[in-house]
Structures are given as structure tokens and as C-alpha cells.
Amino acid sequence: MPLTRRALLSTTAATAALTLTAPPARARQQTGSVRHIPLQGAVNVRDLGGYRTYDGDRFRHGRVYRADELGKLTDADVTTLAGLRLDRAIDFRVPFEIQQNGADRLPAGVTAVARPVSDLGLYAQLLQIIGSRDPVRQEAALGGDRGAELMRTIYRAFVTDATNRARFADTLRDLARARGPVLYHCTSGKDRTGWTSYLLLRLVGVPATTASQDYLLSNTYRAEADRRTREGVRALGLMQNPDLLIPVQEVRPDYLGAALGQADADFGGLTGYVREGLGLNWGVIAALRGRLVD
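Under mature numbering (1 follows the signal peptide of the UniProt record, and there is no 0), the letters of the sequence shown match residues -27 to -1, 1 to 267, in that order.
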């Protein structure tokens, strides 16, 4: 999309650079039991089905989908989503993210659910930092371990923030009682979406190692889009060192560990977080297993 000189000098340019996507994939991709759904306007859309539980059961395909933002889907992408026969699509983005990147493009008949989970203002902060064109400010904000610590702080807030907990709890309840397939997503499909997916997999009996591997797969599916984003901000003259963005673009074991450590500290572990923090009883967990595992 052509950009005017004025746009190049604004935070709009930073927004455009942040939301570049990879070229469309040529074929459906699978990594082991993972089903990646290639789209032109989103890069991290996956069927969560296929994983084995501790007792040898399998998470059913076609029941739960995780994704990145859906505001830039093409008509062909929307047709692909229509083939999933989704009942609802849950959007974890905050209003500012939607304002910058657009509302979801969904097939007719899919219920759109706005369920914002706080990113602690990180997206807006990144646009300001990038749009400043100031390498000193950018290094001060993101250099060293500072970018990674911003991410760890967001993950801790998945546990400490009561509103965030309510959003995750409502989503898991929806998944337990849905009449059809459900998709949930955030902007990159890696943090809020990644935490939800990790919780869901653990709740239905998928081993922690497997759930962690699913979480880390966002790095695989986002790698090309994220590389293009870094190239974009450099080409636009917005950053001299766009590699400063890597810690906020990636998922890392210590980010997930920050949330799990906070759950240990506040609730005595993941079980306590689910029961006390999210308020989910064994009936909800049993319903999740009954609907999603066979």
C-alpha cells in the first residue's frame, strides 16, 4: 500500500510496519499433530486438535482454533474460515489495537465476542517508541533485558489482574459449553492467545511439555512476518536497530514461566489459579474434557 511522506513520518507508519504479514502459504502445513491454516492476512492460525493427553486420549480436531488478528483477511481467507463452521470468534485485543488494525473480518453467522485482555499498553507504547525515530529512546526502552521484562510483566498480569482472569475464565467456560467450533485470538496470536491455549491444553490433560511446545510454535509461524516487520521499520527509517523488537515479537519459555511462577506465588500453583483465580469448578473442567477429548 503506497504511503505518503507525511504518513511515513507519523505513528501510522509504525503501525503499518508492525502489521506486515508474510506471503501467503502455498499449502496446508503440519508440524507433527499441529494443523496450521495458511491464510494471506494472518500467519498464526492453528487447529489446536491432535495433541495426546496423559491417558492416551486425543484433543479433537475442528473444535478449537487459535489465531492472530483477523482484520486483514482477504475474501479468500474469509471463505477458508467459513469452511471451519465457527460458532464464535473471541477477540482478546484492547480497543486501541482494534482501532489501529481493524475489526475482525468473519464469515456470516459467526458471533463476534469482544473480550479484551490488557497488554498493559504495550502496543501503544511500541508505536510511540518506534515512531520517535530516536535510537537512544528505543535502546533505553527495549535494550538489554528491558524488552523481555516488559513481556514477563504482561504475563504476570495474566495472573494478578482480576479483569484478565475473568476474561480467561469466561473463554474457558465458552469452550466448555459451545455448540460449535470456537476461535480465539489477539494481535499476534502468541501471548494472550498462547496463555489461553496453554491453560486449555493442561486442563484437558495434555502434558506440560507438549503444551509448552505448542506455545513456542508461534515463533515458527510468526518468524517470516516478524522478520518483514523489522525490515519494514528499518526501510522506513524508523529504527536503526530493529532487532530491539525481537524480545517483544517472540514467545520464550521464561515468559510462560513468569505467569506460572506468579500462579505459584499467588495461588499455590496452576490448579489453585484455575480453581480460585479463575473460579472454574470441576464441572467446567469435566465439560471441557467431554467436549474436546476422545
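Where is the CB? At the ideal position from N, CA and C, for every residue including glycine.
Open item on the list: Taking the beta carbon of Gly205 as the centre, do at least 16 other beta carbons fall within 10 Å, making it buried, or is it exposed?
Closed with: Its Cβ being crowded by 16 or more others within 10 Å, Gly205 is buried.
Task: Where Leu115 sits in the DSSP three-state scheme - done: Here Leu115 sits in helix by DSSP.
Task: Euclidean distance between Cα positions of Gly117 and Ala208 - done: Ala208 has its alpha-carbon roughly 23 Å from the corresponding atom of Gly117.
Task: Rounded straight-line distance, which links the Cα of Val155 to that of Tyr38 - done: Rounded to the nearest angstrom, the two C-alpha atoms are 6 Å apart.
TODO: Answer yes if the stretch 136 to 143 comes into contact with the stretch 67 to 83, meaning at least three C-beta pairs across the two stretches below 8 Å, and no otherwise.
DONE: Between the stretch 67 to 83 and the stretch 136 to 143 there are fewer than three inter-stretch CB-CB distances shorter than 8 Å, so the stretches are not counted as touching.
Task: Asp64 - partner residues in DSSP beta bridges - done: DSSP output for Asp64 lists Ala87, His158 as bridge partner(s).
Open item on the list: Check this for me: beta carbons of Val221 and Leu99, under 8 Å apart or not?
Closed with: Closer than 8 Å, so yes.
Task: With 16 other Cβ atoms within 10 Å as the buried cut-off, status of Val179 - done: That one is buried.
- [ ] Quick one: grab the DSSP three-state call for Arg25.
- [x] Looking at Arg25 - three-state DSSP - the assignment turns out to be strand.
Task: Inter-residue CB distance, Leu190 and Leu145 (contact presumed, cutoff 8 Å) - done: Contact between Leu190 and Leu145 is ruled out by a C-beta separation of about 21 Å, above the 8 Å threshold.
Open item on the list: Tell me which residues share the same chain as Ala231 and place their Cβ nearer than 7 Å to its Cβ, disregarding the 5 neighbours each side in the sequence.
Closed with: Cβ neighbours of Ala231 beyond the five flanking positions: Arg125, Tyr128, Arg129.
Open item on the list: Measuring straight from C-alpha to C-alpha, what distance separates Asn254 and Thr244?
Closed with: The alpha-carbon atoms of Asn254 and Thr244 are separated by roughly 11 Å.
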